[in-house]
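These notes are about the structure you will find just below.
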Amino acid sequence: MNGPQLIEDTIAFVKRTLKGAEGGHDWFHIQRVFNNAQSIAKQEPVDPLIVALGALLHDIADAKFHDGDETVGPKVASTFLRSKAVADPVLTHVVKIIENISFKNSLETTAVAPFSSLELQVVQDADRLDAIGAIGIARAFNYGGFKNRVLYDPEIAPDLQLTKEAYKAAKSPTINHFYEKLLLLKDRMNTPTGKQMAEERHQFMLDYLNQFYKEWEG
Numbered sequence: 003m004n005g006p007q008l009i010e011d012t013i014a015f016v017k018r019t020l021k022g023a024e025g026g027h028d029w030f031h032i033q034r035v036f037n038n039a040q041s042i043a044k045q046e047p048v049d050p051l052i053v054a055l056g057a058l059l060h061d062i063a064d065a066k067f068h069d070g071d072e073t074v075g076p077k078v079a080s081t082f083l084r085s086k087a088v089a090d091p092v093l094t095h096v097v098k099i100i101e102n103i104s105f106k107n108s109l110e111t112t113a114v115a116p117f118s119s120l121e122l123q124v125v126q127d128a129d130r131l132d133a134i135g136a137i138g139i140a141r142a143f144n145y146g147g148f149k150n151r152v153l154y155d156p157e158i159a160p161d162l163q164l165t166k167e168a169y170k171a172a173k174s175p176t177i178n179h180f181y182e183k184l185l186l187l188k189d190r191m192n193t194p195t196g197k198q199m200a201e202e203r204h205q206f207m208l209d210y211l212n213q214f215y216k217e218w219e220g
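Quick look at the structure:
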């Protein structure tokens with residue numbers, strides 16, 4: 003199957019699979035990440051097919067919606083790609099991207115060096131960009147509402163030393179999520195283009211928080 007047809011079929015598959023998904027992890031999130039990845043990839047010597055497939059399939063079955071099971075997404079993606087007779091090296095690379103893209107994995111300390119590739123870095127940057135700025139703020143509060151979390155509680159301080167397991171189990175107010183993840187992402191971008199794109203979005207979040215606290219105090 004040629005590249006454009008495979009991308010078209012993958013888009014159709016993702017739309018079907020994520021129909022009715024939580025608003026911060028639905029098809030439109032995938033579409034934004036895909037577009038971000040395309041923009042970043044233009045500046046990097048990457049395999050565009052792997053970047054495209056990685057972006058489209060990175061959240062095909064997010065663990066947080068599958069009882070924390072991090073194997074579901076890679077399995078779903080692998081089954082789909084095999085059904086399209088995708089070459090093993092491409093399939094394996096895309097699955098590795100899905101397995102390693104998450105922010106929570108960066109909180110885990112292990113003696114084994116994690117998988118790394120420029121394609122992963124591009125897709126990871128694209129995904130992280132959608133977690134910050136105006137869209138990131140909207141997604142954070144959308145998910146907080148989905149989980150019935152309070153907006154803010156001055157008596158609950160952010161945990162700046164979260165482990166991977168603690169991060170997965172966290173039920174803290176949505177405002178805490180800014181400090182526990184969102185505000186950290188600017189300095190964890192991989193590519194020069196990603197770093198540049200993150201600057202404005204990061205500042206927007208700082209401005210938003212300033213306004214939030216002003217309004218909270220009345």
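Take 3 as the starting number for the sequence shown in this note's numbering and just add one per residue.
Quick reminder that beta carbons are idealized off the backbone N, C-alpha and C, glycines included.
Check: Which one of 17, 119 and 37 has the shortest CA to CA distance from residue 128?
Finding: 37
Check: How long is the line joining the alpha carbons of residue 168 and residue 75, rounded to whole angstroms?
Finding: 21 Å
Item checked: Contained alpha helix (DSSP H) runs [length at least 4] in the region 155-194, N- to C-terminal order -> 166-171 and 176-182
Next item on the list: Within the same chain, show all residues whose beta-carbon is closer than 7 Å to that of residue 102, passing over the 5 residues directly before and after it, in chain order.
Entry: 116, 117 and 122
Notebook entry, point to check: Near residue 227, which residues of its chain fall below 7 Å by C-beta distance, leaving aside the five closest residues on each side in sequence?
Noted result: This structure gives no information on residue 227, because the portion of the chain shown stretches from 3 to 220.
Margin query: Tell me the DSSP secondary structure of residue 33 in three-state form.
Written below: helix
Margin query: Our contact map puts residue 77 next to residue 8 with C-beta atoms below 8 Å; I'd like the distance itself, whole angstroms only.
Written below: Residue 77 to residue 8, Cβ: 19 Å. No contact.
Margin query: If you reduce the DSSP assignment to three classes, tell me which class residue 202 lands in.
Written below: helix
Next item on the list: Tell me, to the nearest whole angstrom, how far the beta carbon of residue 59 is from that of residue 12; I am working on the premise that it is less than 8 Å.
Entry: 7 Å
Check: In angstroms, rounded to a whole number, what distance separates the CA positions of residue 55 and residue 152?
Finding: 36 Å
Check: Can you name, in chain order, every residue of its own chain whose Cβ lies under 7 Å from the Cβ of residue 62, other than the five neighbours on each side?
Finding: 16, 19, 75, 78 and 79
Note to self: Going by beta-carbon coordinates alone, are residue 144 and residue 70 separated by less than 8 Å?
What the structure shows: no
Margin query: Taking its Cβ as the centre, do 16 or more other Cβ atoms sit within 10 Å of residue 22, making it buried, or is it exposed?
Written below: exposed
Next item on the list: Classify residue 129 as helix, strand or coil using the three-state DSSP reduction.
Entry: helix
Margin query: Taking the alpha carbon of residue 142 as the reference point, which residue from 220, 209 and 177 has its own alpha carbon closest?
Written below: 177
Notebook entry, point to check: With distances taken between CB atoms, is the gap from residue 33 to residue 195 smaller than 8 Å?
Noted result: no
Checklist line | Nearest-angstrom Cβ-Cβ length linking residue 139 and residue 210, presumed shorter than 8 Å | finding: 6 Å
Check: In or out: residue 132 buried (at least 16 other Cβ within 10 Å) or exposed?
Finding: buried
Item checked: Alpha carbon of residue 47 to alpha carbon of residue 124, nearest angstrom -> 10 Å
Notebook entry, point to check: Skipping 5 residues on each side, what residues in its chain have a beta carbon closer than 6 Å to that of residue 72?
Noted result: 65
Notebook entry, point to check: Taking the alpha-carbon positions, what's the residue 186 to residue 165 distance?
Noted result: 15 Å
Check: What's the C-alpha gap between residue 149 and residue 184?
Finding: 18 Å
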